[in-house]
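See structure below.
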Amino acid sequence: MSIKVDKTLVASVALHVLVLGWVMLSFSTKALEMPPEDSVAVDIVDDQPAKAMAGMKTGKKENPKPLVEKVAEAKPVDDLVGKITEKAPVVTDTAPVPQPKVEEKPVEKKPDPPKVVEKPKEEPKQVETKPDPPKVDPIGETIKKEEKKPPPKPVQAAKPPEAPKQRIVERHFDQNQIAALLDKRDPSRQAVTGDTLNSNAALGTAKGAAASNAATWGAMFMRQVRNCWKKPAGAIDAKDFFMEVEIKLRRDGTLEAAPAPLTSPRDSYQRVFLESAVRATIECAPYRLPPAFFEEWKDFIPQFSTKDAG
Amino acid sequence: MSVEHEPIHAPSLIGRRKVLSGLASSGLILSGVHRAFGQARVTVTGEVAPTPIAIPNFVAGTPGDAEVGVGVAQVITNNLKRSGLFAPIDQAAFIERITNIDAAPQFQSWKQIGAQALVMGRMTRQSDGRLKAEFRLWDVNAGQQLAGQQYFTSPEYWRRIAHIISDQIYERMTGEKGYFDSRVVFIDETGSKERRVKRLALMDQDGANVRYLTKGSDLVLTPRFSPSTQEITYMEFGQGDPRVYLFNIETGQREIVGNFPGMSFSPRFSPDGQRIIMSLQQGGNSNLFVMDLRSKSMTRLTDTPAIDTSPSYSPDGSRICFESDRGGKPQIYVMAATGGGAQRISFGEGSYSTPVWSPRGDYIAFTKQGGGQFAIGIMKTDGSGERILTAGYHNEGPTFSPNGRVVMFFREPGGSAGPSLFTVDITGRNELRVPTPGFASDPAWSPLLS
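These protein sequence lines map, in sequence, to chains A and B.
Residues 14 to 323 in my numbering are what the first sequence spells out, letter by letter.
Residues 4 to 453 in my numbering are what the second sequence spells out, letter by letter.
This is the structure in structure tokens:
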């Protein structure tokens, strides 16, 4: 039996297969190879970011030893505020069951990172507002006192419906009696124990990031020097420029030396502009700048700009 | 007049001041070499502010010179104050009394009253009758002498000496040349509006020493100073057509520039004073012509069926700005001084007229009319940076100070009142009326006299 084959159909099929096959081959995925790139060494030229990470020079170095005030089995202390006392925490009948937090503290737990201990007596109120669990329950004390005292006067003469509520209100927080709630004792705490004595608390850490504070004291400097600076009005269409003057200050804000111009003026206007800047820095001294940042402002460079104050 | 001058050096200072100034100068010497690393840099911006300056009366070197010493200090004070760039301190606040200008002042007592600069001077009559004027300019905070000069002149020119000293102070403190030792020619107007008498007048830039150059029998208009000589050109309406005249201030000599057919308008000198550019009316049009004053030859610069007028040279003499209505409304055009294609530079709303090129070359001042207002403004020579300095009814006729820093113009308030002269800084600040004996219009500022 002969089958009549349409030649055009065969040719069409063959061509389609050919084209599709070519398409499949040519469009097949191919891994995109990334040419390896050489690493480029980058140096930070600007000293400001480095400075921002340097931390405060006035801060004490990181304390290698944990804060320990008494040689004993290591026992952490949550709050380092208050005097050290040997007394056991006072527990009253009405005091609530000591919170499990105290009991659950693992003895092996490393002492907390040293915290700042500065003048603990100056802020007793903070401690009083945050009563420690072992301390006397102030509410319980208040109730005790209230039992001795006569009942508070009723506000209105007779209000029978309110009478039964008196008992419930016994533990109610009374704003007028707030003084009674205060713990009159000095704040105290347990000594921090450990295997070696070290009573120095560290201030921050050596690698702690302290941002450059130039923005803060720089703005203060500008506000002051602006009062003395009479920017000369010459050269109306001069292109914007700035003139640098190095100034060295003492701790009291006075000039240690005459301001030293760092920029060389290129024309008469730049010269009078620079002179006006030097004049202003001399006239406005002494400067009131934050003593904490003295290391930053004891020697710095104001850039006097032709731009108007923004 | 002749003014001789020579510099005065700073007297030697002692103690802390010496150390301070030494440190300051060493700082200057080190500049560019010493670069401190690791220091914080703080940007300081500020507003332009007048410099507080103390100007005590000049010391009388001889007993009879006390009055002139007071006068010189007053003229300097007035000049610097009117410039808007200085704030002279009231003499009543002074702590130290200056008696000897050869010794350094007590800087602390001047610093205490807020002075940043101090002017000390002395007027001494010489045996030959001349007057010696000496002055020193001190930087109060740095404790340094900024300028020192002495002058010899005839006693009657003491005001001139005060203007010269003012220029010295201005230049040393602002970095720009001064403009106080200059004069203004203007049209003095007296009488009622219907019968106004107009005379050509000359005065110092501060309004002093007014002199009348014409008698007022003929109408005079548009006086213009030569940028290089003490000559004035102006228009006068006599019996026939208006004529362009030349007037020599020193000699008082007057001559007609030429007889031209038809009307001639708005003559103005070339920067070298050798040529006069003007517009001549021909029928309904007017065109620009330049005349060589020596050969009296005329050269046509424009030939348009429009009104071209008010030409003004650039200070280097290479270009001309002028007013033309060739585009419909009066606008400002700039072209080469030899003529040729002109480029329109004013494109704002309204019409522009009376363009004047600044002696500094950077700006063109103009009168702008629109919306019922006559404004005085400036624009850069390519037409950019247009800035209106004053607006209202009715401002006209701008002229630049010799240093290009101040524009003088006249304002006609309308009604029965007459015009007055005003000055304004090219920043648009510090508008001030210029004192004149009567009404005044059409001012033209001279170049510096020295």
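Ideal placement from N, C-alpha and C gives every residue a C-beta, glycine not left out.
**Message:** Can you check which of these residues, B:L121, B:P422 and B:G431, is closest to G194 of chain B by C-alpha distance?
**Reply:** Mapped onto the second sequence, residue 194 of chain B falls at position 191. Here the closest residue by C-alpha is B:P422.
**Stretch-stretch touch, CB-based, cutoff 8 angstroms, three pairs: the stretch 96 to 109 of chain B with the stretch 160 to 172 of chain B** = no
**Prompt:** So which residues on chain B does Q237 of chain A lean against when the C-beta distance must stay under 8 angstroms?
**Reply:** For the purposes of this step, residue 237 of chain A is taken as the residue at position 224 of the first sequence. Within 8 angstroms Cβ-Cβ: nothing; Q237 of chain A doesn't reach chain B, min ~10 angstroms.
**Prompt:** Does the distance from the CB of P274 of chain A to the CB of V285 of chain A come in under 8 angstroms?
**Reply:** On the first sequence, position 261 is the one that residue 274 of chain A refers to. On the first sequence, position 272 is the one that residue 285 of chain A refers to. In this structure, V285 of chain A does not lie closer than 8 angstroms to P274 of chain A by Cβ.
**Request:** Apply the 10 Å Cβ neighbour rule to P167 of chain A and answer buried if 16 or more other Cβ atoms are within range, or exposed otherwise.
**Result:** Taking the first sequence and counting its residues from 1, one reaches residue 167 of chain A at position 154. Unreliable placement is indicated for P167 of chain A, whose pLDDT of 45 sits below 50; the coordinate value is still reported in the next sentence. Classification of P167 of chain A: exposed, given that the 10 Å Cβ count is below 16.
**Item:** Any chain A beta carbon closer than 8 angstroms to K114 of chain B
**Value:** Position 111 of the second sequence holds residue 114 of chain B. For K114 of chain B, the answer is yes, since a Cβ of chain A falls inside 8 angstroms of its Cβ.
**Contact set between S318 of chain A and chain E, taken where Cβ atoms lie within less than 9 angstroms** = The structure shown contains no chain E; the protein chains it does contain are A and B.
**Item:** Residue burial classification, L31 of chain A (beta-carbon count within 10 angstroms, cutoff 16)
**Value:** The count along the first sequence starts at 1 and reaches residue 31 of chain A at position 18. The residue in question, L31 of chain A, is exposed, as its Cβ has fewer than 16 Cβ neighbours within 10 Å.
**Prompt:** Which residue comes first and which comes last in the alpha helix (DSSP H) that contains A227 of chain A?
**Reply:** For this step, residue 227 of chain A is matched to residue 214 along the first sequence. Unbroken alpha helix (DSSP H) run through A227 of chain A: A227 to R239.
**Asked** For E70 of chain B, which of helix, strand or coil comes out of DSSP?
**Response** Working through the second sequence from its first residue, we reach residue 70 of chain B at position 67. Correct three-state label for E70 of chain B: helix.
**Request:** Using three-state DSSP, classify T142 of chain A as helix, strand or coil.
**Result:** Position 129 of the first sequence, counted from the first residue, corresponds to residue 142 of chain A. Residue placement at T142 of chain A is poorly supported in this model, since its pLDDT is 43, which falls under 50; the coordinates still yield a value, given next. Three-state result, T142 of chain A: helix.
**Item:** Bridge-paired residues (DSSP) for F325 of chain B
**Value:** Along the second sequence, one-based indexing puts residue 325 of chain B at 322. Looking at the DSSP assignment, F325 of chain B forms a beta bridge with B:Y336.
**Item:** Bounding residues of the alpha helix (DSSP H) (the contiguous stretch that carries I252 of chain B)
**Value:** Residue numbering aside, residue 252 of chain B sits at position 249 when the second sequence is read from its first letter. No alpha helix (DSSP H) holds I252 of chain B; DSSP gives it neither H nor E.
**Straight-line gap, L83 of chain B to P438 of chain B (C-alpha atoms, nearest Å)** = To locate residue 83 of chain B, count along the second sequence from 1; it is residue 80. To locate residue 438 of chain B, count along the second sequence from 1; it is residue 435. Approximately 16 angstroms between the Cα atoms of the pair.
**Message:** So, for G342 of chain B: in the same chain, excluding its five sequence neighbours on each side, which residues have a beta-carbon less than 7 angstroms away from its beta-carbon?
**Reply:** Within the second sequence, numbered from 1, the residue matching residue 342 of chain B stands at position 339. L304 and T305, listed in sequence order.
**Request:** Have a look at D68 of chain B and Y215 of chain B and give me their C-alpha separation to the nearest angstrom.
**Result:** By 1-based counting over the second sequence, the position of residue 68 of chain B is 65. By 1-based counting over the second sequence, the position of residue 215 of chain B is 212. Approximately 30 angstroms, taken between the alpha carbons.
**Request:** Mind checking the stretch 143 to 176 of chain B against chain A and listing, in chain order, the residues whose C-beta falls within less than 7 angstroms of any C-beta there?
**Result:** N144, A145 and M176
**Request:** Mark P304 of chain A as exposed unless 16 or more other C-beta atoms lie within 10 angstroms of its C-beta, in which case mark it buried.
**Result:** One-based indexing of the first sequence puts residue 304 of chain A at position 291. P304 of chain A should be labelled exposed.
**Item:** CB contact flag (K332 of chain B, S315 of chain B, <8 angstroms)
**Value:** As a position in the second sequence, residue 332 of chain B is number 329, starting the count at 1. As a position in the second sequence, residue 315 of chain B is number 312, starting the count at 1. No, Cβ-Cβ distance for K332 of chain B and S315 of chain B is not below 8 angstroms.
**Exposed unless 16 or more other CB atoms sit within 10 angstroms - verdict on K17 of chain A** = Working through the first sequence from its first residue, we reach residue 17 of chain A at position 4. Around the Cβ of K17 of chain A, a 10 Å sphere holds fewer than 16 other Cβ atoms; the residue is exposed.
**Item:** Per-residue DSSP class, three states only, for I101 of chain B
**Value:** Against the second sequence, residue 101 of chain B aligns to sequence position 98. Coil, per DSSP.
**Prompt:** Do you know offhand how far G330 of chain B's Cα is from Y336 of chain B's?
**Reply:** One-based indexing of the second sequence puts residue 330 of chain B at position 327. One-based indexing of the second sequence puts residue 336 of chain B at position 333. Going from the Cα of G330 of chain B to the Cα of Y336 of chain B covers about 10 angstroms.
**Asked** Where DSSP assigns a beta bridge to G380 of chain B, which residues make up the other side?
**Response** As a first step, residue 380 of chain B must be located in the second sequence, where it is residue number 377. BP columns for G380 of chain B point to B:F369 and B:I391.
**Message:** Strictly below 7 angstroms CB to CB, what residues from chain B border R292 of chain A?
**Reply:** Taking the first sequence and counting its residues from 1, the one referred to as residue 292 of chain A is at position 279. In chain order: Q119, D142, N144 and A145.
**Message:** Quick check on D266 of chain A - is its C-beta less than 8 angstroms from some C-beta in chain B?
**Reply:** In the first sequence, counting from the first residue as 1, residue 266 of chain A sits at position 253. The sequence shown places Gly at residue 266 of chain A, not Asp. No - not a single Cβ of chain B is within 8 angstroms of the one on G266 of chain A.
**Contact list for P315 of chain A against chain B, beta-carbon separation under 7 angstroms** = Residue 315 of chain A sits at position 302 when you count from the first residue of the first sequence. Near P315 of chain A (Cβ distances below 7 angstroms), the residues of chain B are V45 and V47.
**Pick from B:R44, B:R125, B:V213 and B:S269 that is closest to P59 of chain B, judged by C-alpha positions** = Taking the first residue of the second sequence as 1, we reach residue 59 of chain B at position 56. The candidate whose alpha carbon is nearest that of P59 of chain B is B:R125.
**Request:** Count the other C-beta atoms from every protein chain shown that fall within 10 angstroms of the C-beta of S277 of chain A, then say buried if there are 16 or more, exposed otherwise.
**Result:** Locating residue 277 of chain A in the first sequence gives position 264, counting from the first residue. Classification for S277 of chain A: exposed.
**Request:** Give the secondary structure of K135 of chain B by DSSP, where H, G and I count as helix, E and B as strand, and everything else as coil.
**Result:** Indexing the second sequence from 1 puts residue 135 of chain B at position 132. Residue state, collapsed to three classes: strand.
**Asked** Name the chain A residues that come within less than 8 angstroms of Q376 of chain B, Cβ to Cβ?
**Response** Sequence index remark: in the second sequence, residue 376 of chain B carries index 373 (1-based). None at all; the shortest Cβ gap to chain A is about 24 angstroms.
**Asked** Considering only C-alpha positions, which residue in the set B:G287, B:K371, B:E352 and B:G386 is nearest to C324 of chain B?
**Response** The residue labelled residue 324 of chain B in the question sits at position 321 within the second sequence. Answer by Cα proximity: B:G386.
**Item:** CB contact below 8 angstroms: G178 of chain B versus chain A
**Value:** By one-based count along the second sequence, residue 178 of chain B stands at place 175. Yes, its Cβ sits closer than 8 angstroms to a Cβ of chain A.
**Asked** Relative to the C-alpha of E137 of chain B, which residue among B:F183, B:I11, B:Q242 and B:Q148 is closest?
**Response** Counted from its first residue, the second sequence places residue 137 of chain B at position 134. Closest option to E137 of chain B, Cα to Cα, is B:I11.
**Request:** May I have the straight-line CA-CA distance separating E253 of chain B from P440 of chain B, to the nearest angstrom?
**Result:** On the second sequence, residue 253 of chain B is found 250 positions in, with the first residue counted as 1. On the second sequence, residue 440 of chain B is found 437 positions in, with the first residue counted as 1. If you take the alpha carbons of E253 of chain B and P440 of chain B, they lie about 22 angstroms apart.
**Request:** From the DSSP output, read off the bridge partner residues of K311 of chain A.
**Result:** Reading the first sequence from its first residue, position 298 is the one you call residue 311 of chain A. Answer is none; K311 of chain A lacks a bridge partner.
**Prompt:** Starting from V26 of chain A and walking both ways along the alpha helix (DSSP H), at which residues does that stretch end?
**Reply:** Position 13 of the first sequence, counted from the start, is the residue given in the question as residue 26 of chain A. Per DSSP, V26 of chain A belongs to the alpha helix (DSSP H) from K20 to S39.
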